[in-house]
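Colleague: Sharing a structure below in C-alpha coordinates format, with a few things to ask.
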Amino acid sequence: MPHPATVKQIERPAPGDRVLVHVCCGPCSIATVEMLHDEGFEVTGLFLNPNIHPLSEYLRRRDGALEVAERMGFKLIVRDEEYDPVGYMRDITFREANRCLLCYRMRLERAAQIAKRGGFAAFTSTLLYSRQQRHDDIRGLGRDLAARGVPFLYRDFRVGWQRGIEESQRMGIYRQQYCGCLYSEVERFHKELGHDPIRPYRG
(Lines of atoms letter the chains of each structure in order from A and count residues from 1; the text may use other names and numbers.)
(Lines give C-alpha, C1' and ligand atoms only; values in the text may rest on other atoms or scores of the structure.)
Protein backbone atom coordinates (compact mmCIF):
# COMPACT_ATOMS: atom_id res chain seq x y z
CA MET A 1 0.00 0.00 0.00
CA PRO A 2 1.53 3.36 -1.02
CA HIS A 3 2.23 5.92 1.70
CA PRO A 4 -0.59 8.56 1.78
CA ALA A 5 1.81 11.32 0.82
CA THR A 6 2.90 9.32 -2.21
CA VAL A 7 -0.69 8.70 -3.23
CA LYS A 8 -1.43 12.41 -3.02
CA GLN A 9 1.59 13.23 -5.14
CA ILE A 10 0.80 10.73 -7.89
CA GLU A 11 -2.91 11.54 -8.03
CA ARG A 12 -2.70 15.34 -8.24
CA PRO A 13 -0.44 16.77 -10.92
CA ALA A 14 -1.19 20.45 -11.48
CA PRO A 15 -3.69 21.70 -14.09
CA GLY A 16 -1.82 22.65 -17.23
CA ASP A 17 0.62 19.77 -16.87
CA ARG A 18 1.27 17.47 -19.82
CA VAL A 19 -0.24 14.02 -19.29
CA LEU A 20 0.44 10.97 -21.46
CA VAL A 21 -2.65 8.80 -21.82
CA HIS A 22 -2.25 5.21 -22.95
CA VAL A 23 -5.16 4.68 -25.37
CA CYS A 24 -6.62 1.21 -25.92
CA CYS A 25 -9.22 2.35 -28.47
CA GLY A 26 -11.18 5.34 -29.70
CA PRO A 27 -14.42 4.89 -27.71
CA CYS A 28 -12.60 4.52 -24.39
CA SER A 29 -10.60 7.68 -25.00
CA ILE A 30 -13.56 10.04 -25.45
CA ALA A 31 -14.80 10.46 -21.88
CA THR A 32 -11.28 9.95 -20.52
CA VAL A 33 -9.83 12.85 -22.50
CA GLU A 34 -12.88 15.03 -21.86
CA MET A 35 -12.46 14.59 -18.12
CA LEU A 36 -8.75 15.37 -18.25
CA HIS A 37 -9.36 18.43 -20.43
CA ASP A 38 -11.99 19.59 -17.94
CA GLU A 39 -9.33 19.45 -15.23
CA GLY A 40 -7.02 21.58 -17.35
CA PHE A 41 -4.47 18.96 -18.35
CA GLU A 42 -2.70 19.00 -21.70
CA VAL A 43 -3.33 15.52 -23.11
CA THR A 44 -1.21 13.46 -25.47
CA GLY A 45 -2.45 9.99 -26.34
CA LEU A 46 -0.35 6.87 -26.89
CA PHE A 47 -1.74 4.03 -29.00
CA LEU A 48 0.46 1.06 -28.15
CA ASN A 49 -1.34 -2.28 -28.00
CA PRO A 50 0.73 -5.30 -29.12
CA ASN A 51 -1.90 -7.70 -27.78
CA ILE A 52 -4.65 -7.00 -30.31
CA HIS A 53 -5.55 -9.87 -32.65
CA PRO A 54 -5.86 -10.03 -35.62
CA LEU A 55 -4.03 -7.25 -37.47
CA SER A 56 -7.24 -6.13 -39.17
CA GLU A 57 -8.75 -5.55 -35.71
CA TYR A 58 -5.68 -3.61 -34.62
CA LEU A 59 -5.98 -1.35 -37.65
CA ARG A 60 -9.67 -0.67 -37.04
CA ARG A 61 -9.02 0.30 -33.43
CA ARG A 62 -5.99 2.38 -34.35
CA ASP A 63 -7.90 4.27 -37.01
CA GLY A 64 -10.80 4.83 -34.62
CA ALA A 65 -8.42 6.26 -32.04
CA LEU A 66 -6.86 8.54 -34.65
CA GLU A 67 -10.29 9.81 -35.67
CA VAL A 68 -11.23 10.59 -32.07
CA ALA A 69 -7.92 12.40 -31.55
CA GLU A 70 -8.50 14.52 -34.64
CA ARG A 71 -12.05 15.39 -33.65
CA MET A 72 -11.15 16.20 -30.05
CA GLY A 73 -7.97 18.04 -30.92
CA PHE A 74 -5.30 16.10 -29.04
CA LYS A 75 -2.07 14.58 -30.32
CA LEU A 76 -1.94 10.79 -30.60
CA ILE A 77 1.37 8.96 -30.73
CA VAL A 78 0.96 5.70 -32.65
CA ARG A 79 3.58 3.00 -32.13
CA ASP A 80 2.82 0.65 -35.02
CA GLU A 81 6.43 -0.51 -34.89
CA GLU A 82 5.71 -2.08 -31.49
CA TYR A 83 2.73 -4.09 -32.69
CA ASP A 84 3.86 -7.63 -31.86
CA PRO A 85 1.07 -10.16 -31.23
CA VAL A 86 3.48 -13.07 -31.67
CA GLY A 87 5.73 -11.69 -28.94
CA TYR A 88 2.70 -11.13 -26.75
CA MET A 89 1.60 -14.74 -27.20
CA ARG A 90 5.09 -15.97 -26.33
CA ASP A 91 5.08 -13.88 -23.16
CA ILE A 92 1.80 -15.30 -21.88
CA THR A 93 2.23 -18.93 -22.96
CA PHE A 94 1.70 -21.20 -19.92
CA ARG A 95 0.71 -18.09 -17.94
CA GLU A 96 -2.72 -17.68 -19.49
CA ALA A 97 -4.44 -17.42 -16.11
CA ASN A 98 -2.55 -14.19 -15.49
CA ARG A 99 -2.61 -12.92 -19.05
CA CYS A 100 -4.66 -9.81 -18.28
CA LEU A 101 -2.23 -8.62 -15.61
CA LEU A 102 0.73 -9.32 -17.90
CA CYS A 103 -0.99 -7.44 -20.72
CA TYR A 104 -1.74 -4.45 -18.50
CA ARG A 105 1.83 -4.40 -17.26
CA MET A 106 3.55 -4.55 -20.66
CA ARG A 107 1.48 -1.63 -21.94
CA LEU A 108 1.65 0.51 -18.82
CA GLU A 109 5.41 -0.08 -18.51
CA ARG A 110 5.94 1.26 -22.01
CA ALA A 111 3.64 4.20 -21.32
CA ALA A 112 5.65 5.05 -18.20
CA GLN A 113 8.93 4.79 -20.11
CA ILE A 114 7.70 6.98 -22.95
CA ALA A 115 6.23 9.49 -20.49
CA LYS A 116 9.54 9.75 -18.67
CA ARG A 117 11.53 10.12 -21.88
CA GLY A 118 9.08 12.73 -23.18
CA GLY A 119 9.12 14.84 -20.04
CA PHE A 120 5.45 14.35 -19.20
CA ALA A 121 4.23 15.27 -15.73
CA ALA A 122 2.22 12.05 -15.40
CA PHE A 123 0.78 9.10 -17.27
CA THR A 124 -2.53 7.27 -17.15
CA SER A 125 -4.63 4.89 -19.28
CA THR A 126 -8.06 4.62 -20.87
CA LEU A 127 -8.13 1.10 -19.42
CA LEU A 128 -9.43 2.85 -16.29
CA TYR A 129 -12.56 3.83 -18.24
CA SER A 130 -13.79 0.33 -19.03
CA ARG A 131 -16.20 -1.46 -16.74
CA GLN A 132 -14.96 -4.72 -18.27
CA GLN A 133 -11.36 -4.37 -17.08
CA ARG A 134 -9.81 -5.21 -13.71
CA HIS A 135 -9.82 -1.67 -12.42
CA ASP A 136 -8.06 -2.16 -9.08
CA ASP A 137 -5.28 -4.19 -10.70
CA ILE A 138 -4.68 -1.44 -13.27
CA ARG A 139 -4.63 1.17 -10.54
CA GLY A 140 -2.14 -0.86 -8.49
CA LEU A 141 0.16 -1.47 -11.46
CA GLY A 142 0.15 2.22 -12.31
CA ARG A 143 1.12 3.18 -8.81
CA ASP A 144 3.88 0.58 -8.72
CA LEU A 145 5.29 1.92 -11.99
CA ALA A 146 5.09 5.49 -10.69
CA ALA A 147 7.91 4.61 -8.30
CA ARG A 148 10.21 4.45 -11.34
CA GLY A 149 10.04 8.17 -11.92
CA VAL A 150 6.82 9.40 -13.57
CA PRO A 151 3.68 9.96 -11.48
CA PHE A 152 0.62 7.87 -12.28
CA LEU A 153 -2.55 9.94 -12.61
CA TYR A 154 -5.38 7.86 -11.22
CA ARG A 155 -8.95 8.74 -12.02
CA ASP A 156 -12.04 6.55 -12.07
CA PHE A 157 -12.98 7.30 -15.65
CA ARG A 158 -15.85 4.79 -15.43
CA VAL A 159 -18.10 7.65 -14.32
CA GLY A 160 -18.07 8.71 -17.98
CA TRP A 161 -19.06 5.25 -19.24
CA GLN A 162 -22.41 6.17 -20.77
CA ARG A 163 -21.08 9.44 -22.14
CA GLY A 164 -18.32 7.56 -23.98
CA ILE A 165 -20.81 5.11 -25.48
CA GLU A 166 -23.15 7.82 -26.68
CA GLU A 167 -20.41 10.02 -28.14
CA SER A 168 -18.65 7.16 -29.92
CA GLN A 169 -21.96 6.14 -31.48
CA ARG A 170 -22.68 9.72 -32.50
CA MET A 171 -19.23 10.02 -34.10
CA GLY A 172 -19.57 6.65 -35.82
CA ILE A 173 -16.37 5.33 -34.20
CA TYR A 174 -15.73 1.59 -34.46
CA ARG A 175 -16.78 -0.19 -31.25
CA GLN A 176 -15.08 -3.55 -30.71
CA GLN A 177 -16.83 -6.65 -29.37
CA TYR A 178 -13.96 -8.14 -27.36
CA CYS A 179 -11.01 -6.91 -25.31
CA GLY A 180 -8.27 -7.52 -27.86
CA CYS A 181 -6.20 -10.68 -27.65
CA LEU A 182 -6.91 -14.06 -29.23
CA TYR A 183 -8.09 -15.46 -25.89
CA SER A 184 -10.59 -12.66 -25.33
CA GLU A 185 -11.91 -13.11 -28.87
CA VAL A 186 -12.51 -16.81 -28.24
CA GLU A 187 -14.13 -16.10 -24.87
CA ARG A 188 -16.48 -13.61 -26.52
CA PHE A 189 -17.58 -15.82 -29.42
CA HIS A 190 -17.01 -19.46 -28.34
CA LYS A 191 -20.74 -20.08 -27.82
CA GLU A 192 -21.02 -20.20 -31.60
CA LEU A 193 -18.97 -23.44 -31.43
CA GLY A 194 -20.85 -25.02 -28.56
CA HIS A 195 -17.70 -25.37 -26.46
CA ASP A 196 -14.73 -23.33 -25.27
CA PRO A 197 -11.66 -24.40 -27.33
CA ILE A 198 -9.27 -22.80 -24.84
CA ARG A 199 -10.24 -25.39 -22.23
CA PRO A 200 -10.10 -29.19 -22.61
CA TYR A 201 -13.13 -30.43 -24.49
CA ARG A 202 -14.87 -33.24 -22.63
CA GLY A 203 -17.47 -34.14 -25.23
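Residue numbers for the sequence shown follow our numbering, beginning at 1229 and rising by one.
Backbone N, C-alpha and C define an ideal beta-carbon position, used for all residues, glycine too.
Nothing here was measured: the structure is a model prediction, and the numbers come from that model.
Against chain D, does R1338 count as a neighbour if the rule is that its beta carbon must be under 9 Å from one of theirs?
Modeller: This model lacks chain D altogether, as it is built from one protein chain only.
Colleague: From the DSSP secondary-structure annotation, give me the bridge partner or partners of G1273.
Modeller: G1273 is bridged to V1249 and L1304.
Colleague: Tell me which residue opens and which closes the alpha helix (DSSP H) that T1260 is part of.
Modeller: G1254 to D1266 is the extent of the alpha helix (DSSP H) around T1260.
Colleague: Would you check if the distance between the CB atom of T1272 and the CB atom of G1346 is smaller than 9 Å?
Modeller: Contact: yes.
Colleague: Suppose you measure from the CA of P1241 to the CA of K1344; what does that come to, to the nearest Å?
Modeller: C-alpha separation (whole angstroms): 14 Å.
Colleague: Taking all protein chains shown into account, do 16 or more other C-beta atoms lie within 10 angstroms of the C-beta of L1304, making it buried, or fewer, making it exposed?
Modeller: The residue is buried, with at least 16 neighbouring Cβ atoms inside 10 Å.
Colleague: Does the distance from the CB of L1373 to the CB of L1336 come in under 9 Å?
Modeller: Yes; because the gap between Cβ atoms is below 9 Å, this pair is in contact.
Colleague: Can you list the alpha helix (DSSP H) stretches of 4 or more residues lying completely in the region 1306-1346, in chain order?
Modeller: Within the region 1306-1346, the complete alpha helix (DSSP H) runs of at least 4 residues are 1313-1320 and 1327-1345.
Colleague: With a threshold of 6 Å on Cβ separation, who are the neighbours of Y1402 within its own chain once the five nearest residues in sequence on each side are excluded?
Modeller: The residues are R1288 and G1292.
Colleague: Check this for me: beta carbons of T1352 and L1276, under 9 Å apart or not?
Modeller: No, these two residues do not count as a Cβ contact at 9 Å.
Colleague: Return the CA-CA distance between E1285 and E1267, expressed in angstroms with no decimal places.
Modeller: Answer to the nearest angstrom: the Cα atoms are 32 Å apart.
Colleague: What is the residue span of the alpha helix (DSSP H) that A1350 lies within?
Modeller: Unbroken run through A1350 is the beta strand (DSSP E), A1350 to S1353; no alpha helix (DSSP H).
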